[in-house]
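Residue numbers (the numbering used here), protein chains in the order written: chain Z, 9 to 147; chain B, 9 to 147.
Protein chains: 2
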Amino acid sequence: MCGKRREPKRNCRCGCQVRGFIQPRLLLLLAQQATHGYDLMDALRSTAGLENLADPGMLYRTLRQFEEAGLVNSTWDTPARGPARRVYQLTSAGREYLEWWSADIRKTRDQLEHFLAEYASLTRAPAPSPTKRKKEKRK
Amino acid sequence: MCGKRREPKRNCRCGCQVRGFIQPRLLLLLAQQATHGYDLMDALRSTAGLENLADPGMLYRTLRQFEEAGLVNSTWDTPARGPARRVYQLTSAGREYLEWWSADIRKTRDQLEHFLAEYASLTRAPAPSPTKRKKEKRK
DNA sequence: TCCAACTATATGATTTGTTCATATAATAAG
DNA sequence: CTTATTATATGAACAAATCATATAGTTGGA
Numbered sequence: 009m010c011g012k013r014r015e016p017k018r019n020c021r022c023g024c025q026v027r028g029f030i031q032p033r034l035l036l037l038l039a040q041q042a043t044h045g046y047d048l049m050d051a052l053r054s055t056a057g058l059e060n061l062a063d064p065g066m067l068y069r070t071l072r073q074f075e076e077a078g079l080v081n082s083t084w085d086t087p088a089r090g091p092a093r094r095v096y097q098l099t100s101a102g103r104e105y106l107e108w109w110s111a112d113i114r115k116t117r118d119q120l121e122h123f124l125a126e127y128a129s130l131t132r133a134p135a136p137s138p139t140k141r142k143k144e145k146r147k
Numbered sequence: 009m010c011g012k013r014r015e016p017k018r019n020c021r022c023g024c025q026v027r028g029f030i031q032p033r034l035l036l037l038l039a040q041q042a043t044h045g046y047d048l049m050d051a052l053r054s055t056a057g058l059e060n061l062a063d064p065g066m067l068y069r070t071l072r073q074f075e076e077a078g079l080v081n082s083t084w085d086t087p088a089r090g091p092a093r094r095v096y097q098l099t100s101a102g103r104e105y106l107e108w109w110s111a112d113i114r115k116t117r118d119q120l121e122h123f124l125a126e127y128a129s130l131t132r133a134p135a136p137s138p139t140k141r142k143k144e145k146r147k
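The structure is reproduced here in structure tokens:
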């Protein structure tokens with residue numbers, strides 16, 4: 009199902025995507041090495057399953073937001089050849105935020121794990137006896 | 009960071025959320041047992057970390073979309089006491105879609121796992137030697 | 001030399017998903 | 001007779017993601 013079952017789009021939003029996953033990905037890449045937007049885009053594109061995170065629009069906007077929020081600093085790099093590039097480097101606030109993200113992502117992973125376990129137990133027991141969900145009356 | 013660092017909201021969207029995660033959750037619940045919206049809401053609310061998926065607006069809209077897409081059928085149940093309730097039951101198309109979702113969620117979990125592994129390796133090696141990312145020139 | 005492809009950054013418009021607010025109605029409890 | 005609970009639902013507002021497009025310098029080839 010894709011909303012109203014329209015024509016298949018080039019980049020269908022259907023399916024499981026982690027909201028804002030571009031943020032921790034970028035922070036992690038910048039934690040590994042200070043670099044510029046285009047390079048980050050390349051890095052995302054070459055990571056399996058993250059190709060669609062590499063929309064230039066999202067990417068550059070996110071980097072600007074990071075800077076506004078003080079998570080990164082940027083300086084212009086004018087290399088001998090090629091156009092100028094804005095190089096971003098993580099601040100300590102950015103590192104903290106990355107830390108927070110990783111804790112958050114751990115929680116989300118646990119939720120997905122929980123879902124998968126439930127689904128597996130369902131498919132193992134093909135004839136589900138109608139197990140009534142109890143609803144505990146509050147107070 | 010929360011967009012533009014505004015006042016804390018009651019249900020801040022910040023953080024890692026799986027886009028559309030209410031969909032597989034509902035399908036799984038309905039695969040376990042045919043039931044109505046309010047009961048599904050209760051079930052979601054009692055699952056840790058999924059409380060905010062239980063917005064009535066989202067929930068009822070999603071159920072209607074499911075029906076439009078042929079993933080569920082609904083019938084009215086008018087119990088001896090209490091207001092009428094629309095009971096949803098999963099169709100075979102719905103079961104297929106749930107299957108597809110579980111495969112998709114597995115992928116997402118793997119991505120999160122990959123992120124966490126990378127982050128862990130970064131924090132294990134506190135002084136990151138500037139490991140240049142190679143960019144393979146395409147043809 | 002001109003044109004295409006690549007590197008690099010950026011913004012506007014639109015769509016979709018989520019949240020918030022609110023409406024309805026029947027029943028149950030005090 | 002008022003309030004709380006059960007139950008379904010819609011409209012408005014907002015946020016995130018996508019799609020489309022703009023720019024400009026560089027590199028390589030015809």
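Backbone N, C-alpha and C define an ideal beta-carbon position, used for all residues, glycine too.
query: Presumed contact (8 Å Cβ cut-off) between K27 (chain Z) and R132 (chain B), rounded CB distance; result: Residue identity differs from the one stated: residue 27 (chain Z) is Arg in this sequence, not Lys. Not quite, the Cβ-Cβ distance comes to about 28 Å (not below 8 Å), so this is no contact.
query: Beta-ladder partner(s) of N81 (chain Z), from DSSP; result: Z:Q97
query: Proximal residues, the stretch 104-119 of chain Z versus chain B, C-beta separation under 9 Å; result: Y105, L106, E107, W108, W109, S110, D112, I113, R114, K115, T116, R117, D118 and Q119
query: Positions along the stretch 50-61 of chain B whose CB lies within less than 9 Å of some CB in chain Z; result: D50, A51, S54, T55, A56, G57 and L58
query: Whole-number beta carbon distance between E75 (chain Z) and S82 (chain Z), since they are thought to touch under 8 Å; result: 6 Å
query: Outcome for R33 (chain B) when other beta-carbon atoms lying within 10 angstroms are tallied against a minimum of 16; result: buried
query: The stretch 50-67 of chain Z touching the stretch 92-110 of chain Z, judged by at least three CB pairs closer than 8 Å; result: no
query: Inter-residue Cα distance where the pair is A56 (chain B) and W84 (chain Z); result: 46 Å
query: Test: P87 (chain B) CB closer than 9 Å to a CB of chain Z; result: no
query: Between the CA atoms of L130 (chain B) and Y46 (chain B) - distance to the nearest angstrom; result: 45 Å
query: Buried or exposed (CB count within 10 angstroms, at least 16 for buried), T43 (chain Z); result: buried
query: Chain-ordered neighbours of L124 (chain Z) on chain B, where CB pairs are closer than 8 Å; result: S110, I113, R114 and R117
query: Contact belief for L124 (chain B) with I30 (chain Z) at Cβ below 8 Å, rounded distance in angstroms; result: Not quite, the Cβ-Cβ distance comes to about 16 Å (not below 8 Å), so this is no contact.
query: Proximity test, Cβ basis, 9 Å: R33 (chain B) and chain Z; result: yes
query: Start and end residues, beta strand (DSSP E) containing R27 (chain B); result: Q25 to R27
query: Residues, ordered as in the chain, of the stretch 65-98 of chain Z that lie near chain B by beta-carbon distance below 8 Å; result: Q73, F74, E76, A77 and L79
query: Amino acids of chain Z, ordered along the chain, whose beta-carbon sits closer than 8 Å to that of L130 (chain B); result: L36, A39 and Q40
query: Residues near Q40 (chain Z) in its chain [Cβ-Cβ closer than 6 Å; skip 5 each side]; result: none
query: Neighbour flag for G45 (chain B) against chain Z, beta carbons, 9 Å; result: no
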